Structures are given as C-alpha cells and as structure tokens.
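Colleague: Count the sequence shown with my numbering and you get residues -6 to 224, in order.
A virtual CB, placed ideally from N, CA and C, is assigned to each residue, including glycine.
Everything numeric in this text was worked out from a predicted model, so none of it was measured.
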Amino acid sequence: MSFMLYLSVAVFCAFLLALAFVRANPAQLAGSIRLAGPVFFAALGVGALLIGRGGVAGLFLTTAAAWYLRGRAGRRARRSPGGKSHVRTAALEMELDHETGSLEGTVLAGSLEGAELRGLSLEQLLMLRSELASDGESLQLLETYLDGRFSVWREDAQAEGGEGHAAAPVSGTMTEEEAYKVLGLEPGASAADIRKAHRRLMQRLHPDVGGSPFLAARINAAKDVLLSKHA
C-alpha cells in the first residue's frame, strides 16, 4: 500500500515536470527546474503523512524546505545590484551604474540648476560647459558625461570655436564619506571589499579600455583614502 502511494506521488510529480518542460519558456523552465526538487520531496512528505509515517514525512518535508530556502537565497544573491558610484562636485552630482556603465547626473549650480543631464540637449550641455570653465572638477565630470553620450561633441565644440576651455587642476582632499560613495560601498567595508570594488570599476573605467581619466583618478583616490584607514 505504502509503496503504491509513493509510486503514485512520484508519477504525478514526473507528469508535472514534463508539463513544465513542454509549456515553459527558457526563463520559466529554469525556475521550474529549481523548484522541482523541493516540490518532489514535499509531495513525498505529504504522502508519508497520509499513511502515518510521521518520521519519514518530517525528513522529506525538512529536505524540501531546506532546498527551497537555499534556492531563494541563491536567487537573491544573483539579483542583488552590482552597486552604484556617486561623485559630487560643486556644480554636478553624478551616478555611475556598475552593471550597465550608464552615467546620470544632476546640475547643482548655475543657470541650469536642478536639471537632469539626460534631459539636456548637446547645445545646452555645451552652454553648461562654458559656465563651468573655472571649476576644474565639475568641468572634467561634465566632459566625461559628454564623451559617453555624444562621441563627436568635441568636434562640434571646435567647429563653433568653443574648444578653449582647459580644465583646472583637480584639488581638494576626498573625505571618507565621499570615498565610500565613489566606490559604491557602505561605510565600514572591509579592505577586501574596497579592493574588489576598485578592481571592478577600473576594469570598466580605466583609460586603457576607453574609460574616463577623471573618474579613474577619483576611483584610485577613493581606494587610497579608505585603505589608509585599514593600515
């Protein structure tokens, strides 16, 4: 009797799995495969309960629960965001998405104060660039954004005689709070986490791979500031 019940449960689970394989798209199929184990053991546990085998049922149900929870933890880890870096100057605040490499920003000062960079035309951005001529950090940050969004903006600026803005040297000491934001880390991150974040960002933003010299310099500075606290 008990053998037939277990066999029936197993056949039913196999039928459900076959149905999932036939109907599911690849993403759904991956989810079904991850769920198959917990469902199978849960079904066996229920079957064992029905025939009064409480000890065996507990073993099956515990296995199902552990498998399911482990799968959920793994999915949360895979879905966790890659992080974001924040760089702030006197006139701009920028955010870099580590996963996509996209750079977004907000104007903090000047005639376009409060504007989102993505909503500005090339003409408006070049006007902002003129306003930032005396602010070396903000100017370099804006030019980094322009390089990513308008690959030929320098040629356009030269055609209109507007190439004469030389960025002033970057000055000022980076604070610990700024350094954490640049690397996209939470305060108190370990030295290993700091090095890992630095390495990940430099793989994307190092000048040798077409990245921004300004952002690369900020990332290096952030690493140095934070690692000095661990010395």
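1. For HIS223, which three-state DSSP category applies?
2. Which partner residues of ARG81 appear in the DSSP bridge assignment?
3. What is the DSSP secondary structure of GLY181, counted as helix, strand or coil?
4. Could you tell me how far apart the beta carbons of LEU134 and LEU85 are, in whole angstroms, since I believe they sit closer than 8 Å?
5. Do you know whose CA, among LEU125, ALA102, GLU171 and GLY177, lies nearest VAL218's CA?
6. Counting pairs of beta carbons, one from the stretch 172 to 188 and one from the stretch 105 to 120, are three or more of them closer than 8 Å?
7. Determine the closest residue to THR82 out of ALA102, GLY94 and ASP90, with distance taken between C-alpha atoms.
8. What does DSSP give as the partner residues of LEU96 in its beta bridges?
9. Here's a check: name, in chain order, each residue in its chain whose Cβ is nearer than 7 Å to the Cβ of GLY94, leaving out the five neighbours to either side.
10. Let me make sure I understand the geometry here. Which of GLY204, MET167, HIS79 and ASN213 has the alpha-carbon closest to that of ARG142?
11. Can you pull the DSSP bridge partners for GLU109?
12. Measuring only the C-alpha atoms, how far is PRO180 from THR99?
13. Hey, out of MET195, GLU169, LEU194 and LEU89, whose CA is closest to HIS223's CA?
14. Is any beta-carbon of chain C found at less than 9 Å from that of ALA215?
15. Please name the residue, chosen from ALA126, LEU115 and ASN213, that lies closest to LEU144 on a Cα-to-Cα basis.
16. Taking all protein chains shown into account, decide if GLY129 is buried (16 or more other Cβ within 10 angstroms of its Cβ) or exposed.
17. Can you tell me whether VAL80 is buried or exposed? The criterion is at least 16 other CB atoms within 10 Å of its CB, across all chains shown.
18. Let me know the secondary structure DSSP gives LEU139 once reduced to three states.
19. From LEU121, ALA215, SER78 and SER127, pick the residue whose C-alpha is nearest to that of SER104; which is it?
20. Classify VAL175 as buried or exposed, calling it buried when 16 or more other Cβ atoms lie within 10 Å of its own Cβ.
21. Given TYR173, which residues of its chain have a CB within under 8 Å of its CB, disregarding the five upstream and five downstream residues?
22. Confirm, please, whether the CB-CB distance from GLU136 to PHE207 is below 9 Å.
23. In this structure, how does DSSP classify SER123 when only helix, strand and coil are distinguished?
24. When the Cα of GLU148 is compared with those of THR166, GLU124 and LEU119, which residue comes out closest?
25. Where does VAL175 fall in DSSP's three states?
Modeller: So, from the data block:
1. Here DSSP, grouped into helix, strand and coil, assigns HIS223 to coil.
2. Beta-bridge annotation (DSSP): ARG81 is paired with GLU86.
3. The three-state reading of DSSP puts GLY181 in coil, since its state is none of H, G, I, E or B.
4. About 5 Å separates the Cβ atoms of LEU134 and LEU85, confirming a contact at the 8 Å cut-off.
5. Nearest of LEU125, ALA102, GLU171 and GLY177 to VAL218, Cα basis: GLU171.
6. Too few Cβ pairs lie closer than 8 Å, so no.
7. It is ALA102 whose Cα lies nearest to the Cα of THR82.
8. Partner(s): LEU89.
9. Counting only residues of its own chain and dropping the five nearest sequence neighbours on each side, GLY94 has a CB closer than 7 Å to the CB of ARG197.
10. For ARG142, the nearest C-alpha among the options comes from GLY204.
11. Note: GLU109 sits in a beta bridge opposite THR99.
12. About 24 Å.
13. Closest option to HIS223, Cα to Cα, is GLU169.
14. The structure shown contains no chain C; it holds only a single protein chain.
15. Checking the displayed sequence, the identity of residue 144 turns out to be Ser instead of Leu. From the listed residues ALA126, LEU115 and ASN213, the smallest Cα separation to SER144 is found for LEU115.
16. Taking every protein chain shown into account, the CB of GLY129 has 16 or more other CB atoms within 10 angstroms, so this residue is buried.
17. It counts as buried.
18. If DSSP states are grouped into helix, strand and coil, LEU139 belongs with the helices.
19. With distances taken between Cα atoms, SER104 lies closest to LEU121.
20. Around the beta-carbon of VAL175, 16 or more other beta-carbon atoms lie within 10 Å, marking it buried.
21. In chain order, GLU179, PRO180, ALA182, ALA215 and LEU219 place their CB closer than 8 Å to the CB of TYR173, counting only its own chain and leaving out the 5 sequence neighbours on each side.
22. Yes, the Cβ-Cβ distance between PHE207 and GLU136 is below 9 Å.
23. Residue state, collapsed to three classes: helix.
24. If we check each option's Cα against that of GLU148, LEU119 comes out closest.
25. In the structure shown, VAL175 sits in a helix (DSSP, three-state: H, G or I).
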